[in-house]
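Here is the structure we will look at, set down as structure tokens.
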Amino acid sequence: MSSNQGPRPTSRCAVLSSRIEVLAAEARGCTVCAPVLPLGPRPILRVSDTARLLIISQAPGTLVHASGTPWTDASGDRLRGWLGLEPARFYDVSRVAILPMGLCYPGRLPRGGDCPPRPECAPLWQARLRAAMPAIRLTLLVGSYAQAYHLGPGRLEDRVRNFERFLPDYFPLPHPSWRTLGWAARRPWFEAETLPALRETIATLLEDH
Ligand code: SF4
């Protein structure tokens with residue numbers, strides 16, 4: 001294009017792409033919690049303005065902190081099994097966005113287990129990044145922290161069992177950690193009713209996309 005033709009008009013799509021990319025870069029550079037993070041800041045997220053499915057969970061563990069990619073652990077294998085998504089589809093950021101409540105590994109509790117997501121994180125990043133993803137149709141709220149923040153007070157089991165109440169915007173789920181194996185074994189409705197409905201919802205959502 002010659003200079004006397006003036007600037008090329010910016011498409012709406014290009015503006016949105018730039019907005020999410022700028023925000024994601026800003027989030028990846030965040031150091032707000034640096035003084036209290038045992039392994040230092042390493043914000044881990046995957047976002048795009050074309051993703052239809054958003055997965056909001058807790059915070060990265062040490063394996064994910066090391067890999068830099070969300071859900072690269074046994075919990076991730078279990079979650080992909082629940083969703084009926086192969087890794088290639090799960091990690092296709094044009095379809096699936098992943099935004100934990102805490103973007104950095106928060107450390108260990110003295111009595112064992114990981115600390116909760118850093119409380120500074122969700123107010124800083126959740127709403128801003130979500131607002132820059134206009135194609136999201138369904139948000140999986142994985143675990144009690146994501147559910148409390150986005151749905152308010154309530155019991156995780158009641159929400160998971162009555163997931164239809166939250167559709168089409170949200171699908172509440174337990175966190176797919178090893179502890180959930182025992183939880184699910186005592187609640188046969190989870191495998192018999194919730195997971196088939198979840199897989200069907202995800203397949204329909206990502207069909208032809
Ligand atoms: S946990 Fe969130 S707020 Fe804290 S440093 Fe990481 S990205 Fe920033």
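The UniProt record's numbering applies: residue 1 is where the sequence shown begins, and numbers increase by one. Beta carbons: idealized from backbone N, C-alpha and C, even for Gly. Just so you know, these numbers come straight off a predicted model, no measurement behind them.
Residue(s) in a DSSP beta bridge with residue i
i: residue 96; result: 53
i: residue 172; result: 141
i: residue 46; result: 98
i: residue 114; result: 108
Heavy atom of ligand 1 within 7 Å of residue i beta-carbon
i: residue 185; result: no
i: residue 118; result: yes
i: residue 32; result: yes
i: residue 61; result: no
i: residue 121; result: yes
i: residue 115; result: no
i: residue 102; result: yes
i: residue 124; result: yes
i: residue 43; result: yes
i: residue 66; result: no
i: residue 27; result: yes
Residue j beta carbon less than 8 Å from that of residue i
i: residue 22; j: residue 51; result: no
i: residue 105; j: residue 42; result: yes
i: residue 144; j: residue 94; result: no
i: residue 117; j: residue 59; result: yes
i: residue 138; j: residue 201; result: yes
i: residue 173; j: residue 56; result: no
i: residue 150; j: residue 75; result: no
i: residue 101; j: residue 146; result: yes
i: residue 205; j: residue 53; result: yes
i: residue 80; j: residue 90; result: yes
i: residue 114; j: residue 61; result: yes
i: residue 171; j: residue 129; result: no
i: residue 27; j: residue 103; result: yes
Whole-number beta carbon distance between residue j and residue i, since they are thought to touch under 8 Å
i: residue 45; j: residue 99; result: 5 Å
i: residue 142; j: residue 190; result: Incorrect: roughly 14 Å between the Cβ atoms, too far for contact.
i: residue 120; j: residue 32; result: 5 Å
Cβ of residue i within 8 Å of any chain B Cβ
i: residue 37; result: The chain inventory of the structure shown lacks chain B, comprising one protein chain alone.
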